[in-house]
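J.: According to the UniProt record's numbering, the stretch in the sequence shown is residues 1 to 369, in order.
Idealized CB from N, CA, C, for every residue including glycine.
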Amino acid sequence: MDSELQIGLAALGMTAVVGIIAYNKWQERKHRRQAEQAFKSEHRDVLLEPHEAAPQDERVEPWTTESPSPDANPAPAIRHPAAHSPVGRVTPGLPAAIDPRIDCVIRIESIELLDAPRLWAAQSEQLQGIAKPVRWFAFDDAENLWRPLTAHSAGAFHWFCTAMQLVDRHGAIGENDFMHFSGGVQRVADQFLAVPTDLPTRAEALRNAADLDQFCAGVDVQIGVNIVSHNQPFAGTKIRALAEASGMTIGDDGAFHARDESGHTLFTLCNMEPALFAADEMRNLMTNGLTFVIDVPRVANGVVVFDHMMQQASHMADALQGSVVDDNHAPFGPDAALLIRSQIQQFQAQMADSEVPAGSPLALRLFSA
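(1) Tell me where the beta strand (DSSP E) around E109 begins and ends.
(2) Please list the segments of the beta strand (DSSP E) lying wholly inside the region 178–203, counting only runs of 3 or more residues, in order along the chain.
(3) What residue range is occupied by the uninterrupted alpha helix (DSSP H) comprising L338?
(4) Looking only at C-alpha atoms, which of E273, D260, A205 sits nearest to P233?
(5) Tell me where the beta strand (DSSP E) around V134 begins and ends.
(6) Go through its chain and collect everything with a Cβ distance to S360's Cβ below 8 Å, but skip five positions before and after it.
(7) Leaving out the 5 sequence neighbours to the left and right, which residues in its chain are closer than 7 Å to Y23 when beta-carbon positions are compared?
(8) CB S229 to CB N288, shorter than 8 Å?
(9) Is there contact here, the region 250–258 with the region 335–347, by at least three beta-carbon pairs under 8 Å?
(10) In whole angstroms, what is the alpha-carbon distance linking S323 and P331?
(11) When the Cα of A363 is compared with those of T91, P92, A151, V167, which residue comes out closest?
(12) Can you tell me the Cα-Cα spacing of R135 and C216, whole angstroms?
(13) For the putative contact between F157 and A116, defined by C-beta atoms under 8 Å, what is the C-beta separation to the nearest angstrom?
(14) Going by DSSP, name the residue or residues bridged to A292.
(15) Select from G247, E244, T268, S246 the residue whose C-alpha is nearest the C-alpha of A255.
(16) State the Cα-Cα distance for the pair P68 and Q350, rounded to the nearest angstrom.
(17) Is M248 helix, strand or coil when you go by DSSP?
(18) Using the Cα positions of P95 and E109, report the straight-line distance between them to the nearest angstrom.
(19) Terminal residues of the continuous beta strand (DSSP E) containing F367?
(20) Use the C-beta contact count for R298: other C-beta atoms within 10 angstroms, 16 or more gives buried, fewer gives exposed.
(21) Using a Cβ-Cβ cutoff of less than 7 Å, which residues in the same chain neighbour N271 once the five nearest sequence positions on both sides are dropped?
(22) Which of helix, strand or coil does DSSP assign to Q232?
(23) For G174, does the count of other Cβ atoms within 10 angstroms reach 16, so buried, or fall short, so exposed?
(24) Under 8 Å, do F160 and A142 count as touching if we go by C-beta distance?
(25) Under 8 Å Cβ to Cβ from H180, same chain only, skipping five residues before and after it: list those, please.
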């Protein structure tokens with residue numbers, strides 16, 4: 001009887017050892033595959049392929065916040081990370097909200113179900129201080145879809161995905177940003193005995209970011225026209241009345257916004273003088289000039305929006321007894337408007353050719369502050 005018990009315990013012990021060895025071998029194989037991927041990339045780099053150089057444009061009148069780059073603007077190309085299929089589970093594709101053209105993406109697989117709140121707390125600690133937007137998603141096996149993760153998310157999942165945006169209007173990520181992100185995600189995975197897949201290489205991520213930033217710089221243009229007073233300053237109460245009568249609303253940024261049906265800004269009305277517009281201060285505000293601004297990469301149908309803005313500027317100038325002028329205070333006439341319209345068409349056509357249509361969700365992410 002004792003002998004049978006000893007044999008049974010020995011067999012059970014061997015089973016446990018074999019299970020641990022199998023798990024360790026799986027981990028070893030996964031890490032070796034990641035290391036090979038990190039140091040060897042055989043796929044073609046579309047972002048470095050030559051592109052036809054865009055013609056150098058003159059400064060857009062009446063003014064622009066950025067000058068078009070005189071260099072060629074390479075079109076960002078979609079990259080599809082290679083998928084692995086470990087342990088009999090198929091690696092899910094990327095969340096629809098992530099675009100590999102502008103995101104540095106890492107997926108994580110956990111053998112055991114991992115509680116979302118635990119992962120959220122760990123990543124908050126490890127990724128704190130990254131300047132670029134970082135988003136997390138969890139894959140719902142039952143529903144076969146990715147769910148965005150927030151501090152309030154619940155549930156437990158096998159697959160997670162995180163993405164750091166490569167570029168915004170502050171510029172591209174640098175080496176420190178990449179190391180902070182990739183190293184932080186690796187430490188989060190290690191904490192839960194999970195395994196990252198499709199780790200991007202440092203050189204590839206930084207190269208993609210630099211090329212994308214160059215493209216953005218070439219089309220990142222804002223155009224404005226001014227209304228200036230002839231004699232008396234404009235009263236804030238009248239400015240507010242005219243703006244609100246045309247459907248504009250004041251925003252937290254100190255400007256009135258004309259918005260589309262989805263709430264996206266079409267153009268803004270700002271004070272030419274340093275004081276910002278605020279609802280509770282318009283009663284006492286006086287100014288000698290106003291500026292209408294259209295943010296070209298962030299609006300679809302830019303020419304139509306520009307024409308709408310010019311109509312509003314002309315109407316307001318008449319009501320305030322002012323004049324519509326460019327940034328040199330020269331009268332803004334039909335010839336200047338024609339030039340601006342052609343420039344907007346050119347910039348937005350370039351964006352469309354690069355599969356980043358102006359006003360699209362992708363453009364709104366790239367051309368954000």
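T.: Concretely, from the data shown:
(1) 103–115
(2) 195–197
(3) 334–353
(4) E273
(5) 134–140
(6) A300
(7) Bear in mind that the predicted position of Y23 carries a pLDDT of just 33, short of 50, making it unreliable; the figure below should be weighed with that in mind. Contacts found: none.
(8) yes
(9) no
(10) 7 Å
(11) V167
(12) 22 Å
(13) 7 Å
(14) According to the sequence displayed, residue 292 carries Phe and not Ala. Answer is V225, L269.
(15) T268
(16) Annotation note: pLDDT 43 at P68 (below 50); position unreliable, coordinate value reported separately. Answer to the nearest angstrom: the Cα atoms are 12 Å apart.
(17) coil
(18) 15 Å
(19) Premise fails: F367 is in no beta strand (DSSP E) and is neither H nor E.
(20) buried
(21) F277, T287, L290
(22) coil
(23) exposed
(24) no
(25) L127, G129, I130
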